[in-house]
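Engineer:
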Amino acid sequence: MSRIGKQPVPVPAGVDVTIEGQKVSVKGPKGALALDIAEPIEVSRNDEGAIVVTRPNDERRNRSLHGLSRTLVANLVTGVTQGYTTKMEIFGVGYRVALKGSNLEFALGYSHPVLIEAPEGITFAVETPTKFSVSGIDKQKVGQISAVIRRLRRPDPYKGKGVRYEGEQIRRKVGKTGK
Numbered sequence: 004m005s006r007i008g009k010q011p012v013p014v015p016a017g018v019d020v021t022i023e024g025q026k027v028s029v030k031g032p033k034g035a036l037a038l039d040i041a042e043p044i045e046v047s048r049n050d051e052g053a054i055v056v057t058r059p060n061d062e063r064r065n066r067s068l069h070g071l072s073r074t075l076v077a078n079l080v081t082g083v084t085q086g087y088t089t090k091m092e093i094f095g096v097g098y099r100v101a102l103k104g105s106n107l108e109f110a111l112g113y114s115h116p117v118l119i120e121a122p123e124g125i126t127f128a129v130e131t132p133t134k135f136s137v138s139g140i141d142k143q144k145v146g147q148i149s150a151v152i153r154r155l156r157r158p159d160p161y162k163g164k165g166v167r168y169e170g171e172q173i174r175r176k177v178g179k180t181g182k
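Per the numbering used here: the sequence shown ends with 182, consecutive numbering throughout.
#1: Could I get the ranges of all uninterrupted alpha helix (DSSP H) runs contained in the segment 93–155, with 4 residues as the minimum, in chain order?
#2: So what does ALA168 bridge to, in DSSP terms?
#3: Considering only the alpha carbon of each residue, which of SER138, GLY31, PRO15, ALA128 lies closest to GLY104?
#4: Just list the residues that DSSP pairs ASP19 with in beta bridges.
#5: Could you check if HIS69 is buried or exposed, using at least 16 other CB atoms within 10 Å of its CB as the buried criterion?
#6: Determine the burial state of LEU79: buried for a count of at least 16 other Cβ atoms within 10 Å of its Cβ, exposed for fewer.
#7: Within the continuous alpha helix (DSSP H) that includes VAL80, where are the two ends?
#8: Buried or exposed: which applies to SER114, given that a residue is buried once 16 or more other Cβ atoms fall within 10 Å of its Cβ?
#9: Assuming GLY8 contacts LEU36 under a Cβ cut-off of 8 Å, what Cβ separation, rounded to an integer in Å, is found between them?
#10: Exposed or buried, SER47, counting other C-beta atoms within 10 Å across all chains shown (16 or more means buried)?
#11: Who are the near neighbours of GLY95 in its chain, counting only those whose CB is closer than 7 Å to its CB and skipping five residues on each side?
#12: When the distance is taken between beta carbons, is LEU102 closer than 8 Å to ILE119?
#13: I'd like the list of long-range same chain contacts for PRO122, defined as Cβ closer than 7 Å, with 5 residues on each side in sequence excluded.
#14: For ASP159, which residues does DSSP report across the bridge?
#15: Taking the alpha-carbon of VAL177 as reference, which of LYS134, GLY31, TYR161, VAL18 has the nearest alpha-carbon?
#16: Apply the 10 Å Cβ neighbour rule to PRO92 and answer buried if 16 or more other Cβ atoms are within range, or exposed otherwise.
Take a look at the structure:
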């Protein structure tokens, strides 16, 4: 039995969960999210009101989908109650970020500024010209847009310049030695 999959997902007060066949909808104080669960996996509520994810048999595919489905449902509940935030920072001379309306404008050493538009459900916040955060209720969207932003200027292994997640350790390389 999947150790993650067999744990019930607690539903806090103020969160409304609707299960219709393979579709799980969650409404909370921060918004609403929905998820389609893969076919053999079943989702239901137990006596305490928690969400229980079960699988019909121990086939390899069903075992792998069991833990995944439970985690995705737990992420929905966490998203509509607390939300998700990824903090990021920029290193490099002249590298900076500014908020233009709801979009981010980056100066990353290119000949032009780079504009990243906020997708629906994502908000940006700029603390300083070199620190900003990406927030939203959908964990996948927050992670995806953060990865897109990081890809604009990946951290350089020689000088460490670029966009990185807060607290990310960059593996540095030693440069060439002169004669």
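From the three backbone atoms N, C-alpha and C, an ideal C-beta is built for every residue, glycine too.
Structural biologist: The structure says:
#1: Listed in chain order, they are 142–155.
#2: According to the sequence provided, residue 168 is Tyr. The question's Ala does not apply to it. According to DSSP, which records beta bridges pairwise, TYR168 is partnered with MET91.
#3: Out of SER138, GLY31, PRO15, ALA128, ALA128 has the C-alpha closest to the C-alpha of GLY104.
#4: LYS30, per the DSSP bridge assignment.
#5: In this structure HIS69 is buried. Its beta-carbon is surrounded by 16 or more other beta-carbon atoms within 10 angstroms.
#6: Under a 10 Å Cβ-count criterion, LEU79 is classified as buried, with 16 or more other Cβ atoms of the shown protein chains found around its own Cβ.
#7: Its alpha helix (DSSP H) spans residues 63–84.
#8: Residue burial annotation: SER114 is exposed, with fewer than 16 other C-beta atoms found within 10 angstroms of its C-beta.
#9: Approximately 20 Å separates the beta-carbon atoms of GLY8 and LEU36; this is outside 8 Å, ruling out the contact.
#10: An exposed status is given to SER47, since fewer than 16 other beta-carbon atoms sit within 10 Å of its beta-carbon.
#11: Take GLY95, set aside five residues on each side of it, and the residues of its chain with a beta-carbon closer than 7 Å to its own are GLY112, LYS164, GLY165, in chain order.
#12: Against a cut-off of 8 Å, the Cβ pair of LEU102 and ILE119 comes out as no contact.
#13: For PRO122, where only same-chain residues beyond five positions count, the Cβ hits under 7 Å are LYS144, ILE148.
#14: Answer by DSSP bridge pairing: none, since ASP159 is not bridged.
#15: Ranking the options by Cα distance to VAL177, first place goes to TYR161.
#16: Note on residue identity: the sequence assigns Glu, not Pro, to residue 92. The residue in question, GLU92, is buried, as its Cβ has 16 or more Cβ neighbours within 10 Å.
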